[in-house]
Amino acid sequence: MEILFYIFSALTLLCGLLVVFNPFSRNPVTSAMFLVLTIICMSGLFVLLKAFFLAAVQILVYAGAVIVLFLFVIMLMNIKEEERQRFRKFGTFLGAAAVAGLAWILVTTVMNSRTGERSVANNTGETKELGELLFTNYVLPFEIVSLLLLVAMVGCILLSKTPETEEEAE
Amino acid sequence: MTNWFYNLTPNEQFAIFSLLKIVIAVFAVVLPMVAYSVVAERRISAWIQDRIGPNRVGPFGLLQPAADGLKFILKEDFTPAYARKVYFWLAPAVAMVPALMTLAVIPFGSKLGSQQAVIADLNVGILFTFGIVSLGVYGIVLAGYASNSKYPFLGGIRSSAQMISYEIAMGMSVIPVFMLVGDLNLSAVIEYQKNGMWLILKQPIAFVIFLVAAFAETNRLPFDMPEAESELVGGYHTEYSSMKFALFFLGEYAAMIAVSAMMVVLFLGGWTLPFAGLNETAESLGMGLLQVGIFIGKLLLFMGLFIWVRWMLPRFRYDQLMDIGWKRFVPLALANIVVTAIYLYLTHGK
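As structure tokens, this is what we get:
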């Protein structure tokens, strides 16, 4: 099982890198496709942790939703122009600095945390337990997140609606 | 001979049995079924239109798939110069694979010998299928994008909008089913229905929404916008030829089989029949095989329905398709969830 963990982690990292830093293609569609692969590999990691619900939802929500991103890329961006762009030095430097900073925080956190009792993975009734927790202990954050999503949706509709002209309003 | 097998660890035995099940289910059952549903489609359409249909190859035209396959392989595999090569090659495979992967969690029988008749008895079976189905749209969109010409592009865009819309209706239509069953595992769904109270009787609205969404998800008439011949030439597969085209074609039928199998499990009681002990876990191999036969029989009913509808109904207009999805089915599915929740609260709650 351990070998699978390393395979999936390596693939996740590799695909994630290729999303933002692909030396072979500057095509945004390629980036979107690598994003799908990254998400699928991550759900593989969830399966190894016996979190089947999370793994399925990961693919269902994220991998399914990348198609929308894909469409945005095709419809709103000029792909030929994007492809012609080279890597900007400043942007690359800034990206690398941000990644290094985050990696440092992650490493120090992992180093400082004591390894506690490993929680026993339980692969029966996991969905039910998750649902119960969401509607009891975590009901407030859950509702706030759903409200946030609702606001985003309403905003989206408002922005994409063509404004009514004077004549039409009458 | 069998000694080495018993010396293996349970994990290794499980792996071997799983591999065996995958190979048999996919290569010996599903792929021939795909090939013969193409023949069935041609014969049935011929009857409906008062023609004869393909009857030259073999007795009653039964060897037609062999002739078709050979023809597909021998045709020139042409890649247009302006196509985006990598995606052009990738798209047909991406269209075919998800349809076959969905079958991994479908319980097609109770037991065969000592083995459970399901490849992967996931406890989140239905979420897995929806996840994989949501990946199916990539094949068509990639094909449209890779072909780099107008009709395939329009077909791809249409298909993505259509599939995203109907996925929502489809996902919401099955929620009441799982509220009744109380489990996401597909074997548990069948267990719940084995006394003959199939979920089609308890949740007729959910069944109708799921059925219509299934037509939309598999791009079948009356919802075959992505390849509407009269408007888009061939839609997303206009630029494809030879085996690449065949993969799209077979992928469509494989998706039909997958979605039919899901409907049989969710609404028609899977491999059970409510008499002669056919709703209990099989104890002999013959009984197990009989139950697999029952499952395939029910599945073929749905395949027949798919084919029949295709040749009976005209195509929807695109705005009608979107209207019926968003303004009729989504609210109806939501109302169905609320009604089921109230019913459950009144009978089981408190």
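First to last, the sequence lines map onto chains F and Y. For the first sequence, the residue numbers in this note's numbering are 6 to 175. For the second sequence, the residue numbers in this note's numbering are 257 to 606. Idealized CB from N, CA, C, for every residue including glycine.
- In this structure T97 (chain F) is exposed. Its beta-carbon is surrounded by fewer than 16 other beta-carbon atoms within 10 angstroms.
- Per the Cβ contact rule, the segment 498 to 514 of chain Y is in contact with the segment 335 to 354 of chain Y (3 or more Cβ pairs under 8 Å).
- For L54 (chain F), the secondary structure class from DSSP, reduced to helix, strand or coil, is coil.
- Residues of the same chain with a CB within less than 8 Å of the CB of F572 (chain Y), apart from the 5 flanking positions on each side, are P478, F479, M481, I580 in chain order.
- Residue pairing for Q371 (chain Y): DSSP places it in a beta bridge opposite Y:L368.
- When C-alpha distances from L391 (chain Y) are compared across Y:E423, Y:F562, Y:I308, the shortest belongs to Y:E423.
- Counting along the chain, Y574 (chain Y) sits inside the alpha helix (DSSP H) bounded by residues 574 to 579.
- When the alpha-carbon of E473 (chain Y) is set against those of Y:F386, Y:V489, Y:L436, the nearest one is in Y:F386.
- Out of Y:A402, Y:S293, Y:L368, the CA that lies nearest to the CA of M38 (chain F) is found in Y:A402.
- If you check the CB distance, G69 (chain F) and F13 (chain F) do not come in under 7 Å.
- In the three-state DSSP reduction, K327 (chain Y) falls in the helix class (H, G or I).
- Around the beta-carbon of A271 (chain Y), fewer than 16 other beta-carbon atoms lie within 10 Å, marking it exposed.
- E131 (chain F) reaches chain Y at N379, V380, counting residues in chain order whose Cβ is nearer than 9 Å.
- One alpha carbon belongs to S370 (chain Y), the other to F273 (chain Y), and they sit about 11 Å apart.
- Cα atoms of E297 (chain Y) and A510 (chain Y): separation of roughly 14 Å, rounded to the nearest angstrom.
- By the neighbour-count definition (other C-beta atoms within 10 Å, threshold 16), T43 (chain F) is a buried residue.
- With the criterion set as a beta carbon lying under 7 Å from some beta carbon of chain Y, the members of the segment 54 to 65 of chain F are F57, F58, A61, V62, I64, L65, in sequence order.
- When 7 Å is used as the limit between beta carbons, F75 (chain F) is near these residues of chain Y: V397, in chain order.
- Bounds of the alpha helix (DSSP H) holding E134 (chain F) are 131 to 140.
- Selection Y:P321, Y:M518, Y:K327 evaluated against S498 (chain Y) yields Y:K327 as nearest (Cα-Cα).
- Comparing C-alpha distances from S36 (chain F) to each of F:V78, F:L163, F:M116, F:R93 shows the shortest one belongs to F:V78.
- The C-alpha of T596 (chain Y) lies about 31 Å from the C-alpha of S416 (chain Y).
- Of Y:I513, Y:I300, Y:I550, Y:K277, the smallest CA-CA separation from P530 (chain Y) is found for Y:I550.
- Exposure of V73 (chain F) is indicated by the presence of fewer than 16 other C-beta atoms within 10 angstroms of its C-beta.
- Annotated as proximal: G400 (chain Y) and Y492 (chain Y), with beta-carbon spacing under 7 Å.
- The C-beta separation of V25 (chain F) from G100 (chain F) comes to about 7 Å, placing the pair in contact by the 8 Å criterion.
- Separation of K450 (chain Y) and F434 (chain Y) (C-alpha to C-alpha, rounded to the nearest whole angstrom) is 15 Å.
- For the segment 18 to 30 of chain F, there are no residues whose beta carbon sits under 8 Å from a beta carbon of chain Y.
- Annotated three-state conformation of W345 (chain Y) is helix, per DSSP.
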